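The numbering used here applies: residue 1 is where the sequence shown begins, and numbers increase by one. Backbone N, C-alpha and C define an ideal beta-carbon position, used for all residues, glycine too. All of these numbers come straight from a predicted model, not from anything done at the bench. Below is one structure, written out as structure tokens; the observations come after it.
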Amino acid sequence: MGRSRRTIPEELLLLALDPATGTTAQPQSLDLGLAGAQLVELALAGRIAPDGDRIAVVVPRPTGDPTLDCALELLRRRGAPVRAVHWIGGPRLGLRQTYLSHLERCGMVHAVAGQMCGVLPTTRYQATETAISREIRSRLDSAIRTGVPPDPRTAALAALAHAVGLGKHLYPGNEGRSSRSRLRDLIRHDPMGGLVAHAVMDVQNGVAAQPRRSPAPQQQAARQTSRATAAPEPGGVPTQPRHSSMARVPAH
Numbered sequence: 001m002g003r004s005r006r007t008i009p010e011e012l013l014l015l016a017l018d019p020a021t022g023t024t025a026q027p028q029s030l031d032l033g034l035a036g037a038q039l040v041e042l043a044l045a046g047r048i049a050p051d052g053d054r055i056a057v058v059v060p061r062p063t064g065d066p067t068l069d070c071a072l073e074l075l076r077r078r079g080a081p082v083r084a085v086h087w088i089g090g091p092r093l094g095l096r097q098t099y100l101s102h103l104e105r106c107g108m109v110h111a112v113a114g115q116m117c118g119v120l121p122t123t124r125y126q127a128t129e130t131a132i133s134r135e136i137r138s139r140l141d142s143a144i145r146t147g148v149p150p151d152p153r154t155a156a157l158a159a160l161a162h163a164v165g166l167g168k169h170l171y172p173g174n175e176g177r178s179s180r181s182r183l184r185d186l187i188r189h190d191p192m193g194g195l196v197a198h199a200v201m202d203v204q205n206g207v208a209a210q211p212r213r214s215p216a217p218q219q220q221a222a223r224q225t226s227r228a229t230a231a232p233e234p235g236g237v238p239t240q241p242r243h244s245s246m247a248r249v250p251a252h
């Protein structure tokens, strides 16, 4: 993969960067979005493909992007296809900082050191290539304004921007309500972007990623015994367990 094109994780991060504060909007959900954006970028590069709600590696060849290749190698080591919600919800320590440092090396942002309350060190990031940020934003604006189906990259970027909650950052207030709604509607224009965006939202909403497990045999037997003791006898009076009716109160 050549480096003439910005990746979707890079563009998502530039969209989230607040020029006034030098910080990123929606920092916690943005970490999930960056992990999802890596999946979309790898899919566009032909390295992975959706398999239902799972992600399968189809071409394990490196892309030339170190951060993407790290994700690709982790996916390859899984062996079997992995559910998108599992991947996005997994630990991604330092991913946002990795991309911020990368953008700084590329000259797209400038790090400004500072202090919070005069004690805690902080780092703000100011965009140095404002034309790039304007171009990214104009693509979203055009897709929202014209209603013309966007290209897969823009559609996926829009889906992820909505999923991480950037809509209220990009199109704030009541006047931006219709734009936020159209941003959400762009999800349908890219299947991979839609899959990943929904996975990001599922993780944020706490949707159970694990299938429901059947109870252990001992638990099943205990439940059956409990139901049997509570079943009515022919005389119509339920049989009570032969234990003291006094509840035990744990000592404090």
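- Query: If you run the structure through DSSP and keep just helix, strand and coil, what is Tyr-171?
  - Reply: Your numbering for residue 171 matches position 171 in the sequence shown. Coil at Tyr-171, not helix or strand.
- From Asp-18, Arg-6, Ile-48, Ala-45, pick the residue whose C-alpha is nearest to that of Lys-168; which is it? The residue labelled residue 168 in the question sits at position 168 within the sequence shown. Taking only the C-alpha atoms, the option nearest Lys-168 is Asp-18.
- Query: Would the beta-carbon of Val-82 fall within 9 Å of that of Arg-61?
  - Reply: As a position in the sequence shown, residue 82 is number 82, starting the count at 1. As a position in the sequence shown, residue 61 is number 61, starting the count at 1. Contact: no.
- Message: In the DSSP output, which residue or residues are listed as bridge partners for Ala-113?
- Response: For this step, residue 113 is matched to residue 113 along the sequence shown. Answer is Thr-123, bridged to Ala-113.
- Message: Rounded to the nearest angstrom, what separates Ser-133 and Leu-170 at their Cα positions?
- Response: The residue you call residue 133 lines up with position 133 of the sequence shown. The residue you call residue 170 lines up with position 170 of the sequence shown. Roughly 12 Å separates the two Cα atoms.
- Query: Would you call the segment 187-200 and the segment 21-40 touching, i.e. three or more CB-CB distances under 8 Å?
  - Reply: Touching, per the Cβ criterion.
- Message: Can you give me the C-alpha to C-alpha distance between Thr-21 and Leu-120, rounded to a whole angstrom?
- Response: Taking the sequence shown and counting its residues from 1, the one referred to as residue 21 is at position 21. Taking the sequence shown and counting its residues from 1, the one referred to as residue 120 is at position 120. As the crow flies, the alpha-carbon of Thr-21 is around 17 Å from that of Leu-120.
- Near His-110, which residues of its chain fall below 6 Å by C-beta distance, leaving aside the five closest residues on each side in sequence? To locate residue 110, count along the sequence shown from 1; it is residue 110. Here His-110 has Gln-126, Thr-128 as same chain residues with Cβ atoms under 6 Å from its own Cβ, once five neighbours each way along the sequence are excluded.
- To the nearest angstrom, report how far apart Leu-75 and Ala-56 are at their CA atoms. On the sequence shown, residue 75 is found 75 positions in, with the first residue counted as 1. On the sequence shown, residue 56 is found 56 positions in, with the first residue counted as 1. Each residue's Cα considered, the two are about 8 Å apart.
- Query: When the Cα of Thr-98 is compared with those of Ala-71, Ser-138, Gly-79, Asp-51, which residue comes out closest?
  - Reply: Position 98 of the sequence shown holds residue 98. Of the candidates Ala-71, Ser-138, Gly-79, Asp-51, Ala-71 places its Cα closest to the Cα of Thr-98.
- Item | Ala-163 versus Ile-144: straight-line alpha-carbon distance, rounded | Residue mapping note: residue 163 aligns to position 163 of the sequence shown, counting from 1. Residue mapping note: residue 144 aligns to position 144 of the sequence shown, counting from 1. Looking at the backbone, the Cα of Ala-163 and that of Ile-144 are separated by about 16 Å.
- Query: What residues in its chain sit with their C-beta under 7 Å from that of Gly-165, if we drop five residues either side in the sequence?
  - Reply: Your numbering for residue 165 matches position 165 in the sequence shown. Cβ within range, chain order: Gln-26, Ser-29.
- Task: From the DSSP output, read off the bridge partner residues of Asp-141.
- Result: Counting from one through the sequence shown, the residue named residue 141 turns up at place 141. Per DSSP, none; premise fails for Asp-141.
- Delimiting residues of the alpha helix (DSSP H) encompassing Val-85: Within the sequence shown, residue 85 is the residue found at index 85, counting from 1. Val-85 -> alpha helix (DSSP H) spans 84-89.
- Message: Considering only their Cβ atoms, is the gap separating Ile-136 from Leu-157 smaller than 9 Å?
- Response: Counting from one through the sequence shown, the residue named residue 157 turns up at place 157. Counting from one through the sequence shown, the residue named residue 136 turns up at place 136. Between Leu-157 and Ile-136, the C-beta gap is smaller than 9 Å, which places the two residues in contact.
- Task: Give a yes or no on whether the C-beta atoms belonging to Gly-89 and Val-196 are separated by under 9 Å.
- Result: By 1-based counting over the sequence shown, the position of residue 89 is 89. By 1-based counting over the sequence shown, the position of residue 196 is 196. No; because the gap between Cβ atoms is not below 9 Å, this pair is not in contact.
- Message: Rounded to whole angstroms, what is the Cα-Cα separation between Leu-103 and Thr-130?
- Response: By one-based count along the sequence shown, residue 103 stands at place 103. By one-based count along the sequence shown, residue 130 stands at place 130. Answer to the nearest angstrom: the Cα atoms are 13 Å apart.
- Item | Proximity winner among Val-58, Leu-32, Asp-69, relative to Val-85 (alpha-carbon distances) | What you label residue 85 is simply residue 85 of the sequence shown in a count that begins at 1. When each option's Cα is compared against that of Val-85, the closest is Leu-32.
- Considering only the beta carbon of each residue, do Val-207 and Leu-160 sit closer than 9 Å? Your numbering for residue 207 matches position 207 in the sequence shown. Your numbering for residue 160 matches position 160 in the sequence shown. Contact flag unset, no.
- Query: In the structure shown, what three-state DSSP assignment does Arg-61 receive?
  - Reply: As a position in the sequence shown, residue 61 is number 61, starting the count at 1. Reduced to three states, the DSSP call for Arg-61 is coil.
- Message: Suppose contacts are defined by Cβ-Cβ distances below 9 Å. Is Leu-100 in contact with Leu-12 by that definition?
- Response: To locate residue 100, count along the sequence shown from 1; it is residue 100. To locate residue 12, count along the sequence shown from 1; it is residue 12. Taking 9 Å as the Cβ cut-off, Leu-100 and Leu-12 do not qualify as a contacting pair.
- Query: Which same chain residues, not among the five before or five after Thr-154, have their C-beta less than 6 Å away from its C-beta?
  - Reply: Indexing the sequence shown from 1 puts residue 154 at position 154. Same-chain partners within the cutoff: Arg-139, Ala-143.
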